[in-house]
Amino acid sequence: MDLSQLPQQIVNGLMLGGVYVMVAVAFTLIIGMLNFLNFTVPALFMLASVLMWAILEGHGIALDLTATAVLLVLAMMAADRLQHAELPAPVKSGAALGLAAGALLIFWQIIASKPGDEVFAWLDAATGKGGRWVVGIFVALFTVSVLSLLIERFTYRYMKAKYGDATEHALPLVSSLGFLIVIEHTVISTWGSDALTTASPFGNASFEVGPVLFSVPQLLSLILSLAIVFGLSVMLKTTKLGRALRSIAERPDTAPLMGVEVGRIVPVVYVITGLLCAIAGILFTINYTTVDAYVGDTVATVAIAGMVLGGLGNVWGAIVGALFIGMVEVMSIYMVGATFKKIPIWGLLLLILIVRPTGLFGHTAIGKGKF
Amino acid sequence: MSGYLESQLIILCLNVIYAYGIFLPAASGQLNLGAAGFITIGAYASAWFNASGVPMYLAIPAAMVFAATIGFVIAFPILRTRGVYMVLATFAFAEVVAGLIINLEFLGAAAGYPVDSHADYLVVVPVTILVVLLCFFLMSTRLGLAMRSIHDDEAVATLFGVDVRLAKVAAFTLGAALMSLGGALYAHHYNYIETQTFNVLVSIYILLYVLLGGTQTAWGPLIGAAFFTIVPEALRQIATASGQAWIAESRFIFFGAIIVLMMVFRPEGLVTRTLIDRIAMPFGGRSGPARAAGAV
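If you're matching them up, the sequences are chains A and B in order.
Per my numbering, residue 184 is the first one in the first sequence, and the count goes up by one each step.
Per my numbering, residue 582 is the first one in the second sequence, and the count goes up by one each step.
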């Protein structure tokens, strides 16, 4: 074995871990606040990276699809609002009918005219290819966070099952698996399940420090993801919203008694999760330039291992765990071989779960109370 | 029987066996996301016994005993965890199994492993029927009752003197044996196995069959596995027959949407005790008090 490559491998491990960090934090937030393993995280990550790819490559159908999905979600939310609004019944029915008619009209327009291609033609004429970057980032962030709100409606809202038996905590898990299947197969039926590649905008930008080669976009992504997660943990510690979130995590039954509006705070957790997944997905496309419909599964399963290592619900634990798992993956590939990487990662996870379920960094407030 | 029907029947049978392997732990309140691990163990163990000279009819039971032993041994540490932790632990177990086998040269490593003896539907179908009958019988015994009581309320089950740990370990071990039986039948029917076949998605789908079918009665996994094997395939046939390719492409989107809606409108699964009683009533089924007791 050639040890002179070791520093380079350590750097590679850290960079790979940087991809896992934000996904692991997305998992850990939901599991810490709501005691729910959110299987839509891989789907949201994948959707963001594929959307970014599709918009960079100028696929008009990406815009059509997102417009349809976002409109659907917004229409559902408006209907939800309407249902709880204090209005006379005729006004309500009238508004509902108007909403449905408007939504149908817009869907029909999208299906009939497929405006996505025209948008791209206009955009490229106005900005050159540079505009695609901005549009891609905004569309991915917006779509994924809105979808995350839809997922909140169908997972968290139904956690209070009527049947208080032992598998009731499986309900949101199963719903989130349903969403995973829907999103993955929407992508597969649009673009197929093969690898999708785009050109890297940064080329091979890199610099050397001694014998170690740093790739600029990877380094920037690592710094960005660490900065975002740092901001998140400061928010959790100092702001009013953060205090409300921590109180829900600590004791969900008591939080409402202390004046926390649980119904308003929980969607915020989902939006933050969606944004984290979206940023991670966008950075993944920029760095690795190759995505496919299953990229979320690959990244998220490893991120789960990192999260467990750091302790479920522990944000800083998730960061350290994800970086460490990235390191383990690179090192076991480097020292033994690519097929070997599963054993150390999952063996470590199994061991941690059995011997020290709170993770390496001790106690967090998980599973104390149920919703 | 035509080749197409036979191949679909085999897939259905295997899915039913897998589903019962996940159902037994689920009926006692444990979520096992490690189906792929036990299926892999069963398939490879049976194939290896077979390759070293043991006839198929002995290799399959031997593989079941082997997998059940592993299930029994890991049941104790894994059952210390619960809820989300158990889901993660069983999932990690499956990944470790896949990671180990892909590195074992004598099992073919990444190239896959050919299997000698062939089992056609004349073996698979009767075995499946036996498994279904066995599970119905099991759920009617004291052990089945203990499992149901743990599923509904573990604390109360303990108070009534149910040996919770014994029942849980028994359910987990029997489930492991059933899944390995399914895996062994898979190996002997297709005569070729590789670890990539039994991936995370397999574990997820099997758990979904069981949870969507319902964990309250032994009908659940049968109905769940049958429904979610037959309906997508039927949709594919309809798409081919009618020339509407979009049906085949989007059938899994509908599948996912059905799952989400099921959790909203019928979170306890398709088949429940109440439903069974309601169907059984006109034919001299259980009467009022029994139905009231069953209507959780």
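Glycine is no exception: its CB is placed at the ideal position from the N, C-alpha and C atoms.
**Message:** On the criterion of 16 or more Cβ atoms from any shown chain inside 10 Å, does arginine 723 of chain B qualify as buried, or is it exposed?
**Reply:** Looking at its Cβ environment, which holds fewer than 16 other Cβ atoms inside 10 Å, arginine 723 of chain B is exposed.
**Request:** Could you tell me whether any Cβ in chain B is nearer than 9 Å to the Cβ of aspartate 480 of chain A?
**Result:** With its beta carbon less than 9 Å from one in chain B, aspartate 480 of chain A belongs to the interface.
**Message:** Could you give the first and the last residue of the continuous alpha helix (DSSP H) run that contains valine 654 of chain B?
**Reply:** Looking at the DSSP string, the run of the alpha helix (DSSP H) that includes valine 654 of chain B is 637-659.
**Message:** With the cut-off set at 9 Å, would you say phenylalanine 753 of chain B and alanine 624 of chain B are in Cβ contact?
**Reply:** It is not a contact, given that the beta carbons lie outside the stated cut-off.
**Prompt:** At least one CB of chain A closer than 9 Å to the CB of isoleucine 878 of chain B: is that the case?
**Reply:** Residue 878 of chain B falls outside the range modelled here, since chain B spans only 582 to 877, and no answer is possible.
**Request:** Pull out every residue of the segment 829-859 of chain B whose Cβ sits closer than 7 Å to any Cβ of chain A, in chain order.
**Result:** Among the residues of the segment 829-859 of chain B, those with a Cβ less than 7 Å away from any Cβ of chain A are Glu830, Ser831, Phe833, Ile834, Phe836, Gly837, Ala838, Ile840, Val841, Met844, Val845, Pro848 and Glu849, in the order of the chain.
**Message:** To the nearest angstrom, how far is the alpha carbon of alanine 344 of chain A from that of asparagine 218 of chain A?
**Reply:** Low local confidence applies: a pLDDT of 49 at alanine 344 of chain A is under 50, so the model's placement there is unreliable, and no value is given.
**Item:** First through last residue of the beta strand (DSSP E) which encompasses phenylalanine 674 of chain B
**Value:** Note, phenylalanine 674 of chain B: premise wrong, no beta strand (DSSP E); alpha helix (DSSP H) at 665-682.
**Message:** Suppose contacts are defined by Cβ-Cβ distances below 9 Å. Is valine 478 of chain A in contact with methionine 205 of chain A by that definition?
**Reply:** In this structure, methionine 205 of chain A does not lie closer than 9 Å to valine 478 of chain A by Cβ.
**Item:** For proline 695 of chain B: DSSP bridge partner residues
**Value:** Per DSSP, B:Tyr773.
**Asked** What residues of chain A sit near glycine 680 of chain B, judged by a beta carbon separation below 9 Å?
**Response** Residues of chain A passing the Cβ test: Thr522, Phe523, Lys524, Lys525, Ile526, Pro527, Ile528, Trp529 and Gly530.
**Request:** Specify the secondary structure class of serine 609 of chain B as computed by DSSP and reduced to three states.
**Result:** DSSP places serine 609 of chain B outside both helix and strand once states are collapsed to three, so it counts as coil.
**Message:** Using 8 Å as the cut-off, can you tell me whether the segment 756-766 of chain B makes contact with the segment 647-664 of chain B, which would need three or more C-beta pairs spanning the two stretches below that distance?
**Reply:** Pairwise C-beta distances place the segment 756-766 of chain B in contact with the segment 647-664 of chain B, as three or more of them are shorter than 8 Å.
**Item:** Members of the segment 231-258 of chain A that neighbour chain B once the beta carbon cut-off is set at 9 Å
**Value:** Those residues of the segment 231-258 of chain A that come within reach of chain B (Cβ to Cβ, closer than 9 Å) do not exist; the list is empty.
**Message:** Does chain A have any CB closer than 9 Å to the CB of valine 781 of chain B?
**Reply:** Output row for valine 781 of chain B: interface = yes.
**Asked** With a CB to CB cut of under 7 Å and the five nearest residues on each side skipped, what residues in its chain are close to alanine 231 of chain A?
**Response** Around alanine 231 of chain A, the same chain offers Ala323, Val327, Cys460, Ala461, Gly464 and Ile465 as residues with beta carbons nearer than 7 Å, after the five sequence neighbours per side are excluded.
**Request:** Note down the Cα distance separating isoleucine 448 of chain A from tyrosine 517 of chain A, rounded to an integer number of angstroms.
**Result:** In a straight line, the C-alpha of isoleucine 448 of chain A is about 44 Å away from that of tyrosine 517 of chain A.
**Asked** In angstroms, rounded to a whole number, what distance separates the CA positions of leucine 270 of chain A and serine 358 of chain A?
**Response** The straight-line gap from Cα to Cα measures roughly 32 Å.
**Request:** Compile a chain-ordered list of the residues in the segment 367-383 of chain A whose CB is closer than 7 Å to at least one CB of chain B.
**Result:** Going along the segment 367-383 of chain A in chain order, one finds His368, Thr369 and Ser372 with a Cβ nearer than 7 Å to chain B.
**Prompt:** For alanine 344 of chain A, does the three-state DSSP call read helix, strand or coil?
**Reply:** Caution applies to alanine 344 of chain A, whose pLDDT of 49 falls short of 50 and renders its modelled position unreliable; the value that the coordinates give is listed next. Shown here, alanine 344 of chain A sits in coil according to DSSP, grouped into three states, outside any helix or strand.
**Request:** Would you mind telling me which residues of chain A sit closer than 7 Å to isoleucine 785 of chain B, beta carbon to beta carbon, in chain order?
**Result:** Those are Leu360, listed as they occur along chain A.
**Prompt:** Along chain A, in chain order, which residues have C-beta atoms closer than 7 Å to that of isoleucine 555 of chain B?
**Reply:** Given that chain B is displayed from residue 582 to residue 877, the structure contains no residue 555 of chain B and the question cannot be resolved.
**Prompt:** Which term fits leucine 280 of chain A, buried or exposed, when burial requires 16 or more other beta carbons within 10 angstroms of its beta carbon?
**Reply:** By the neighbour-count rule (16 or more Cβ atoms within 10 Å), leucine 280 of chain A is not buried but exposed.
**Request:** Measure from the C-beta of threonine 310 of chain A to each C-beta in chain B and report whether the shortest distance is under 9 Å.
**Result:** No, threonine 310 of chain A does not count as interfacial toward chain B.
**Item:** Where arginine 539 of chain A falls, given that 16 or more other Cβ within 10 Å makes a residue buried
**Value:** Exposed is the call here.
**Item:** Neighbour list for phenylalanine 674 of chain B in chain A, Cβ cutoff strictly below 9 Å
**Value:** In chain order: Trp529 and Leu533.
**Prompt:** Do leucine 332 of chain A and proline 450 of chain A have their CB atoms nearer than 9 Å?
**Reply:** Yes, Cβ-Cβ distance for leucine 332 of chain A and proline 450 of chain A is below 9 Å.
**Prompt:** If we ignore side chains and look at the alpha-carbon of each, how far apart do arginine 854 of chain B and phenylalanine 718 of chain B end up?
**Reply:** Roughly 16 Å separates the two Cα atoms.
**Message:** Just checking: is the beta-carbon of threonine 739 of chain B within a distance shorter than 9 Å of some beta-carbon in chain A?
**Reply:** Not closer than 9 Å to any Cβ of chain A, the Cβ of threonine 739 of chain B fails to qualify, so no.
**Asked** Quick one: what does DSSP say glutamate 269 of chain A is sitting in, helix, strand or coil?
**Response** Here glutamate 269 of chain A sits in coil by DSSP.
**Prompt:** So glutamate 444 of chain A is in the beta strand (DSSP E); what residue range does that whole segment cover?
**Reply:** First-last for glutamate 444 of chain A: undefined, no H or E at that position.
**Request:** Under 7 Å Cβ to Cβ from valine 745 of chain B, same chain only, skipping five residues before and after it: list those, please.
**Result:** Counting only residues of its own chain and dropping the five nearest sequence neighbours on each side, valine 745 of chain B has a CB closer than 7 Å to the CB of Ile731, Glu735, Ala738 and Thr739.
**Request:** Count the other C-beta atoms from every protein chain shown that fall within 10 angstroms of the C-beta of phenylalanine 390 of chain A, then say buried if there are 16 or more, exposed otherwise.
**Result:** Under this definition phenylalanine 390 of chain A is an exposed residue.
**Prompt:** Can we say the segment 614-630 of chain B touches the segment 768-788 of chain B, given the rule of at least three CB pairs closer than 8 Å?
**Reply:** Flag = yes, the segment 614-630 of chain B and the segment 768-788 of chain B touch.
**Message:** Is the separation between the beta-carbon of valine 713 of chain B and that of tyrosine 601 of chain B shorter than 9 Å?
**Reply:** Judged by beta-carbon spacing, tyrosine 601 of chain B lies within the 9 Å limit of valine 713 of chain B, meaning their Cβ atoms are closer than that value.
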